[in-house]
Amino acid sequence: MTTNSISKAKLHTEEAFEQHFVSRLVQQQSYLERQDSNYDKDLALDKDLLIEFIKKTQPETWHVLEGKLGSKAAEILCKEIDRVLKKKDVLSVLKEGVQFTWSPSIKLCYFEPASNINPNLEKLFQANILSVIRQVHYSSRNNNSIDVVLFLNGIPVVTLELKNALTGQTIANAMNQYKYDRKPAGETLLAPGRVLVHLAVDTDEAAMTTKLNNGKTEFLPLNRGNAGRSGNCAIPDEFKTAYLYQTVDGQPAILSKEVLLDIIGNFSQKDGDRIIFPRFHQIDAVRKLLADSKSKKSGQK
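Below you can see the structure in the form of structure tokens.
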């Protein structure tokens, strides 16, 4: 790739790739960049964004909660959502929402409507808040941090360990970091089902797992392919894994709002205590359908 967006002095650092990755999510996918201090490691939530989303999209429900719980409504609700996430999993909770004896049904995300017939549904979909935090200190027992965590309405959905191949660190190092340094026992964020997927990514390749199991953790490739071979083909003026964070060949980024919500709503499934995240060719089909749908909608305007 060219060095248009990364200075030559910083190009050969892991931080440069991390910063580039996050800046693309913010600039091109409308992610909100948050700070590690916004993250509650005990509940594994960005509580402020979670409450902001509920207030904005379900004001009547929030009014009921405040009426019953008073000034502690946000605190109680976040703790109860954490409890449900521990009992179930993030996929089920995002799809089904939550409801308690003292509350109406509460939606934790809104999926993209199939048509434009009801503009309010599109408005609710757009109200989903995607956010990103770098260097997330997830543990109360040590000072370990995960390079990047992505959130949907304050709920973590993707973790990423990033490596810059130009430094000699590759996807293999990222996978080993998950296997040997990200021990899930006693860690809320790393527990089975707490996020949709963990991604090991370098500037050339990507791999995924949905269950951390120490040294037995199994990764699957999340690569586009390269003229029938493994790996990824070049992307002009970008890293080979740019398809994760930006539109490539007219197809939306895998981590875009449209694709990520479609994966959650229609393609990810549960298998025991493991979440099944779609392979690249399945995601690619989603991206092509979304690109085609947007093209048709544009032509109809």
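Just so you know, UniProt numbering puts 49 at position 49 of the sequence shown, and the rest follows in order with no gaps. Glycine included, each C-beta is placed from N, C-alpha and C at the ideal position.
By the 10 Å Cβ neighbour count, where 16 or more other Cβ atoms means buried, how is residue i classified, buried or exposed?
{"i": "P218", "result": "According to the sequence shown, residue 218 is Glu rather than Pro. Burial call: exposed."}
{"i": "T209", "result": "buried"}
{"i": "W102", "result": "exposed"}
{"i": "N153", "result": "buried"}
{"i": "S268", "result": "buried"}
{"i": "R229", "result": "exposed"}
{"i": "H281", "result": "exposed"}
{"i": "Y180", "result": "exposed"}
{"i": "D147", "result": "buried"}
{"i": "A114", "result": "exposed"}
{"i": "G67", "result": "exposed"}
Taking the straight line between their C-alpha atoms, what separation do you get for residue i and residue j?
{"i": "A9", "j": "A242", "result": "Residue confidence is low: A9 scores 43 on pLDDT, short of 50, so the model does not pin down where it sits. No coordinate-derived value is stated."}
{"i": "P221", "j": "A207", "result": "4 Å"}
{"i": "L289", "j": "P278", "result": "15 Å"}
{"i": "N232", "j": "L190", "result": "28 Å"}
{"i": "S131", "j": "N144", "result": "21 Å"}
{"i": "K41", "j": "I155", "result": "12 Å"}
{"i": "E33", "j": "V26", "result": "7 Å"}
{"i": "E161", "j": "Q35", "result": "17 Å"}
{"i": "I117", "j": "N164", "result": "45 Å"}
{"i": "Q28", "j": "Q246", "result": "7 Å"}
{"i": "I276", "j": "E60", "result": "35 Å"}
{"i": "residue 305", "j": "A285", "result": "With the chain covering only 1 through 301, there is no way to say anything about residue 305."}
{"i": "L261", "j": "L121", "result": "14 Å"}
{"i": "V197", "j": "L212", "result": "10 Å"}
{"i": "D204", "j": "G168", "result": "12 Å"}
Is residue i helix, strand or coil when you go by DSSP?
{"i": "A206", "result": "strand"}
{"i": "L196", "result": "coil"}
{"i": "S131", "result": "strand"}
{"i": "I117", "result": "coil"}
{"i": "N214", "result": "coil"}
{"i": "L160", "result": "strand"}
{"i": "E33", "result": "strand"}
### Message
With a threshold of 8 Å, are at least 3 pairs of Cβ atoms found where one atom belongs to the region 257–265 and the other to the region 60–80?
### Response
Between the region 257–265 and the region 60–80 there are fewer than three inter-stretch CB-CB distances shorter than 8 Å, so the stretches are not counted as touching.
### Message
Suppose only complete runs of 4+ residues qualify. What are the alpha helix (DSSP H) ranges in the region 222–282, listed by chain order?
### Response
The region 222–282 contains these whole alpha helix (DSSP H) runs: 257–262.
### Query
Unbroken beta strand (DSSP E) runs of length 3 or more, entirely within the region 46–78: which are they?
You should have found no qualifying run.
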